[in-house]
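See structure below.
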Amino acid sequence: KVFVNILKYIRMGASSNFGNMFSVLGASAFLPFVPMAPIQILTNNLLYDFSQVPIPTDHVDPEQVTRPRPWSIGQIARFILFIGPCSSIFDYTTFFIMLYVFGCWDPSHASLFQTGWFVESLLTQTLIIHIIRTNRIPFLQSRASPALTLTTLAIMAIGVWLPFSPLAPALGFTPLPGLYWPLVLLTLVCYVALTQAVKNWLIHRALAERNESATAPAP
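Numbering-wise, this note's numbering puts 220 at position 215 of the sequence shown, and it's gapless, one number per residue.
See the structure below:
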């Protein structure tokens, strides 16, 4: 169980950071301002890390502990390389929503852009913990521990609250317009669906490779 939860943490943290790298590099290439201020990046990372603190308490699916599991760097790397860019896809859709729907091309609106990406990034990263933590369908076939569920809800609530909170000016946040919220909800739904589909494909591919290896004739 400890080993499985360690793998969860590695997959979550590495795939998230890998995707954020693409998002920051790409946005920096065409934006006339930084896509997220340093204090906002630190706040985002702090909240996301806190949401993962209860992972040692998390439930583990029975099939994941029926036999010893190998430490496969190749499978972990493949997971990171395919799951990480999924978050970048929706980061970029958020970028273009902020630029073309809310008119954030003007550097004077940099705070609004940064706030929009901060909230979307935090919500997607935190919610996706529940996709990565299990090989099953999350919420329906496999549920997280109460502690992990509680921190997920708490961090997502804090992310929604911060742009309207007394802390907003110190963090460089701007209240988000009403139209933003249905758009970010749609982003969350699409992100969960895509990540679940990619995860299922990776699982089936790993099983197929394992079966081929098991049935291959000995040299």
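Even for Gly, the Cβ is constructed at its ideal location relative to N, Cα and C.
Of the choices the options, whose alpha-carbon is the least far from that of residue i?
{"i": "VAL7", "options": "MET41, ALA19, ASP66, ILE46", "result": "ASP66"}
{"i": "ALA198", "options": "HIS135, THR62, GLY18", "result": "HIS135"}
{"i": "SER33", "options": "ILE81, ASP96, THR62", "result": "ASP96"}
{"i": "GLN201", "options": "ALA211, ASN140, ALA159", "result": "ASN140"}
{"i": "LEU190", "options": "ASN10, GLU125, ASP63", "result": "GLU125"}
{"i": "ILE94", "options": "ASN25, TRP166, PHE107, LEU104", "result": "ASN25"}
{"i": "ILE44", "options": "ARG138, LEU104, PHE123, LEU193", "result": "PHE123"}
{"i": "SER116", "options": "ALA42, VAL203, LEU12, ALA19", "result": "ALA42"}
{"i": "ASN10", "options": "LEU36, ASN22, PRO61", "result": "PRO61"}
{"i": "ASP63", "options": "PHE38, SER20, TRP186, ILE137", "result": "ILE137"}
{"i": "ILE81", "options": "TRP110, HIS114, ALA19, VAL29", "result": "ALA19"}
Helix, strand or coil, according to DSSP, for residue i in the structure here?
{"i": "SER92", "result": "helix"}
{"i": "SER170", "result": "coil"}
{"i": "PRO143", "result": "strand"}
{"i": "ARG138", "result": "coil"}
{"i": "VAL70", "result": "coil"}
{"i": "THR99", "result": "helix"}
{"i": "SER122", "result": "Residue identity check: residue 122 is Trp in the sequence provided, not Ser. Three-state result, TRP122: helix."}
{"i": "SER150", "result": "coil"}
{"i": "HIS64", "result": "coil"}
{"i": "HIS9", "result": "It should be noted that the sequence gives Val, not His, for residue 9. Of the three classes helix, strand and coil, the one that applies to VAL9 here is helix, per DSSP."}
{"i": "LEU86", "result": "helix"}
{"i": "PHE27", "result": "helix"}
Hey, would you say residue i sits closer than 9 Å to residue j, going by beta carbons?
{"i": "TYR14", "j": "GLN130", "result": "no"}
{"i": "ILE133", "j": "GLY121", "result": "no"}
{"i": "PRO168", "j": "LEU181", "result": "yes"}
{"i": "GLN69", "j": "MET17", "result": "no"}
{"i": "LEU184", "j": "PHE107", "result": "yes"}
{"i": "PRO59", "j": "LEU128", "result": "no"}
{"i": "PRO112", "j": "PRO37", "result": "yes"}
{"i": "THR98", "j": "THR179", "result": "no"}
{"i": "PHE55", "j": "ILE208", "result": "no"}
On the criterion of 16 or more Cβ atoms from any shown chain inside 10 Å, does residue i qualify as buried, or is it exposed?
{"i": "ASN49", "result": "buried"}
{"i": "SER156", "result": "In the sequence as displayed, the identity of residue 156 is Thr instead of Ser. Counting Cβ neighbours within 10 Å, THR156 comes out buried, since at least 16 surround it."}
{"i": "PHE84", "result": "buried"}
{"i": "PHE118", "result": "buried"}
{"i": "GLY164", "result": "buried"}
Just to confirm, does residue i get its C-beta within under 8 Å of one of the non-hydrogen atoms of the ligand ATP?
{"i": "TRP76", "result": "The ligand ATP is not among the ligands present in this structure, which contains no ligands whatsoever."}
message = For the region 81–99 against the region 175–182, do three or more pairs of beta-carbon atoms, one drawn from each stretch, fall closer than 8 Å, so that the two count as touching?
response = no
key: the region 69–78 in contact with the region 147–164 per 3-pair CB rule at 8 Å   = no
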